[in-house]
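S.K.: Protein sequence lines, in the order shown, are assigned to chains A and B. Per the numbering used here, residue 1 is the first one in the first sequence, and the count goes up by one each step. Per the numbering used here, residue 1001 is the first one in the second sequence, and the count goes up by one each step.
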Amino acid sequence: AQSVTQPDIHITVSEGASLELRCNYSYGATPYLFWYVQSPGQGLQLLLKYFSGDTLVQGIKGFEAEFKRSQSSFNLRKPSVHWSDAAEYFCAVAPFSGGYNKLIFGAGTRLAVHP
Amino acid sequence: EAGVAQSPRYKIIEKRQSVAFWCNPISGHATLYWYQQILGQGPKLLIQFQNNGVVDDSQLPKDRFSAERLKGVDSTLKIQPAKLEDSAVYLCASILNPGQGNYEQYFGPGTRLTVT
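1. Pair every Cβ in the stretch 52 to 72 of chain A with every Cβ in the stretch 8 to 16 of chain A, then say whether three or more of these pairs are closer than 8 angstroms.
2. Hey, does B/Ala-1088 have any beta-carbon neighbour from chain A nearer than 9 angstroms?
3. Would you kindly work out how many angstroms separate the C-alpha atoms of B/Phe-1049 and A/Gln-2, rounded to a whole number?
4. By the 10 Å Cβ neighbour count, where 16 or more other Cβ atoms means buried, how is B/Ala-1093 classified, buried or exposed?
5. List the residues of chain A that B/Ala-1113 touches, going by C-beta distances under 7 angstroms, in chain order.
6. Quick one: is B/Leu-1060 buried, meaning 16 or more other Cβ sit within 10 Å of its Cβ, or exposed?
7. For a contact defined as C-beta to C-beta under 8 angstroms, what are the partners of A/Lys-131 on chain B?
8. Could you tell me the distance, in whole angstroms, from the CA atom of A/Ser-4 to the CA atom of A/Glu-88?
9. Quick check on the DSSP output: what are the complete beta strand (DSSP E) runs of length 3 or more inside the stretch 1047 to 1094 of chain B, in order along the chain?
10. A/Ser-52 lies in the beta strand (DSSP E); which residues open and close that run?
11. Can you pull the chain A neighbours of B/Pro-1081, defined as C-beta to C-beta under 9 angstroms?
12. Per DSSP, which residues does B/Lys-1044 bridge with? Please list them.
13. Which value, in whole angstroms, describes the spacing of the CA atoms of B/Ser-1041 and A/Ile-104?
14. Considering only the beta carbon of each residue, do B/Gly-1108 and B/Leu-1091 sit closer than 9 angstroms?
15. Could you name the residues of chain A that B/Pro-1109 contacts, counting a contact when the two beta carbons are closer than 9 angstroms?
16. At a CB-CB cut-off below 7 angstroms, which residues of chain A make contact with B/Gln-1105?
17. Kindly list the residues whose CB is nearer than 8 angstroms to the CB of A/Ser-18, restricted to its own chain and excluding five residues on each side of it in sequence; keep chain order.
18. Would you mind giving the Cβ-Cβ distance between A/Tyr-36 and A/Leu-44, rounded to the nearest angstrom? I have them listed as a contact below 8 angstroms.
19. Check each residue of the stretch 18 to 32 of chain A: if its Cβ is closer than 7 angstroms to any Cβ of chain B, include it; give the result in chain order.
20. Taking Cβ to Cβ, would you say B/Lys-993 is nearer than 9 angstroms to B/Val-1115?
21. Determine which residues share a DSSP beta bridge with A/Trp-35 and list them.
22. For B/Asp-1057, which of A/Tyr-27, A/Lys-102, A/His-114 has the nearest alpha-carbon?
23. With respect to the beta strand (DSSP E) encompassing B/Ile-1026, which residues constitute its N-terminal and C-terminal limits?
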């Protein structure tokens, strides 16, 4: 069965520091990969996505992610974190299934930013 | 472009009561999803509609949950009777047409349900 693992439940970084959030997936082929962010009381906002091609993808708010097939990983990075980045981050996969792509989410990583 | 609308935003009910949630997807979006997000977990798909037909309801607890999308536009999700473990945020999402290579799901703000 397809699954997504986000090993870090909670991460705290200082403002201005770099950030990497880890994501590993289990799937027989290369799925479609996504990172979403959820601020308190808000819905999910798409940060970036990977379907094919260049394995380093750029997203909104200065985020990027790198797909590594050999490691079944899709880690999210940001070179310099801002206080407004404090939120919960979800990695998700969409196993291609006849065009109807439900999302399978990881449990999320809650990011806290210290001033 | 208006986003995915959901109502109510918050609901508190007692166990064994019934509750209904409403979702209006982005105009023209053929596929609609309902997800359940329990505190501390990622969202889990409950049901997926393509227009007004059900594509996937394999994880919907059908003894108490029901959903419909009669005219292929807005949708309602109902729980009857509610249990304590149904306390969660219920998220609605829509997508234009996944069969045409458009795979970005747009999410509504969610309905936070508390069952006491």
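C-beta: ideal position from N, C-alpha, C; glycine also.
M.R.: Working from what's here:
1. Touching, no.
2. no
3. B/Phe-1049 and A/Gln-2: Cα-Cα distance of roughly 21 angstroms.
4. buried
5. This sequence places Leu at residue 1113 of chain B; Ala is not what is there. Those within 7 angstroms of B/Leu-1113 in chain A number zero; the least Cβ separation is about 14 angstroms.
6. buried
7. Residue coverage of chain A in this structure runs from 1 to 115, which leaves residue 131 of chain A outside it and unanswerable.
8. One detail in the question is off: residue 4 of chain A reads as Val in this sequence, not Ser. Their backbone Cα atoms lie some 15 angstroms apart in a straight line.
9. 1053 to 1056, 1065 to 1068, 1075 to 1079
10. No beta strand (DSSP E) contains A/Ser-52, which DSSP labels as neither H nor E.
11. Here the premise fails: no neighbours, minimum Cβ distance about 27 angstroms.
12. B/Gln-1036
13. For clarity, residue 1041 of chain B is Gln in the given sequence; the question names Ser instead. Between the alpha carbons of B/Gln-1041 and A/Ile-104 lies a gap of roughly 12 angstroms.
14. Their beta carbons are under 9 angstroms apart, which means B/Gly-1108 touches B/Leu-1091 by this criterion.
15. Gly-41, Gln-42, Gly-43
16. Leu-103
17. Non-local beta-carbon contacts of A/Ser-18 in its own chain, meaning distances under 8 angstroms to residues more than five positions away in sequence, involve Arg-77, Lys-78, Pro-79, Ser-80, Val-81 in chain order.
18. 4 angstroms
19. Tyr-32
20. Past the boundaries of the shown model lies residue 993 of chain B; chain B is included only from 1001 to 1116, so the question cannot be answered.
21. A/Leu-48, A/Cys-91
22. A/Lys-102
23. Unbroken run through B/Ile-1026: none, as it is neither H nor E.
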